[in-house]
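Student: Have a look at this one.
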Amino acid sequence: MLDDHAAGYPDPAHLEDAHLEDAHLEDAVEVAASLVAVAVAEGHPVRLLSSSGAVDVELPAGAVDADAAVVLTALADLTAVAGEPVARSVPVRDLDVVEVVCGASSDLSASALEAGRASVGVVLVVDPGAGRAVSAIGSVPVLRAAAAEGLLDAWNAVVSR
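Just so you know, we're using our numbering here: the sequence shown kicks off at 429 and counts up by one.
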């Protein structure tokens, strides 16, 4: 689940600068794309949803890199959605592993609640003020980093064992 609502990504020090907001969403998109690419390479089924509903792409187990291109194209075309975020749930049949990728201003409690429904749930937060941090909300790990590279490093250290 990728939070694509603009309200989740503003930089509090530069709210008037839309380019910073876009950069944070781009980091979230990069994280989602990387996780999808790894899952496809390892032969896992993938379903990528955006919180606005703009992206809903499913790949079966055993999909190949060419199939993953559909997901990556959907992500490349994604733009931030204005307005209040609306809660969107991951369908029950897709609750094996749930990663919620969001911005620092997203509703982390709701994100953790959604991720916590899965057998394995993780919240990855693009947070320009975080440096690197690992915490939890209940039993759900919350990984924070200022950019995609830091979040993926945290994913590899904490989740991907």
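In this text, a Cβ means the ideal position worked out from N, Cα and C, and glycines have one as well.
Owing to the predicted nature of the structure, the values given are computational and were not obtained by experimental measurement.
Just verifying my parser: in three-state terms, what is the DSSP assignment at A446?
Tutor: Low local confidence applies: a pLDDT of 47 at A446 is under 50, so the model's placement there is unreliable, with the coordinate-based value given in what follows. A446 falls in the helix class under three-state DSSP.
Student: Using a Cβ-Cβ cutoff of less than 8 Å, which residues in the same chain neighbour S462 once the five nearest sequence positions on both sides are dropped?
Tutor: Here the set comprises A576 and L580.
Student: What three-state label does DSSP hand G531 in the structure shown?
Tutor: Reduced to three states, the DSSP call for G531 is strand.
Student: Can you tell me where the alpha helix (DSSP H) with E486 in it begins and where it stops?
Tutor: Note, E486: premise wrong, no alpha helix (DSSP H); beta strand (DSSP E) at D484 to L487.
Student: Going by CA-CA distance only, name the one from G481, L487, E470 and A573 that's closest to P556.
Tutor: Residue A573 is the option with its Cα nearest to P556.
Student: Which first and last residues belong to the beta strand (DSSP E) in which A435 is found?
Tutor: Taken as a continuous stretch (DSSP letters only), A435 belongs to no beta strand (DSSP E), as it is neither H nor E.
Student: With a CB to CB cut of under 7 Å and the five nearest residues on each side skipped, what residues in its chain are close to V459?
Tutor: So the list reads V529, L552, A576, L579 and L580, once near-sequence residues are dropped.
Student: In whole angstroms, what is the alpha-carbon distance linking A561 and A491?
Tutor: Distance between the alpha carbons of A561 and A491: 33 Å.
Student: Could you check whether S479 and R516 sit closer than 8 Å to each other, using their CB atoms as the reference points?
Tutor: Result yes, Cβ atoms of R516 and S479 sit closer than 8 Å.
Student: For L430, which option in L571, S563 and L503 has the closest C-alpha, if you only look at C-alpha atoms?
Tutor: Cα-wise, what sits closest to L430 is L503.
Student: Is the CB-CB distance between A540 and V499 below 8 Å?
Tutor: No, the pair does not count as a contact, with Cβ atoms beyond the cut-off.
Student: Less than 8 Å between the C-beta atoms of H433 and V526, yes or no?
Tutor: Not in contact: H433 and V526 (Cβ atoms no closer than 8 Å).
Student: By the three-class DSSP mapping on this structure, what secondary structure does V464 have?
Tutor: If DSSP states are grouped into helix, strand and coil, V464 belongs with the helices.
Student: In the DSSP assignment, what are the bridge partners of S563?
Tutor: DSSP output for S563 lists V570 as bridge partner(s).
Student: Return the bridge partner residues of V548 from the DSSP annotation.
Tutor: V548 pairs with V525.
Student: Taking the C-alpha atoms as reference points, what is the distance between D445 and D455?
Tutor: At D445, the pLDDT of 47 sits below 50, so the modelled position is not reliable and the matter cannot be decided from this model.
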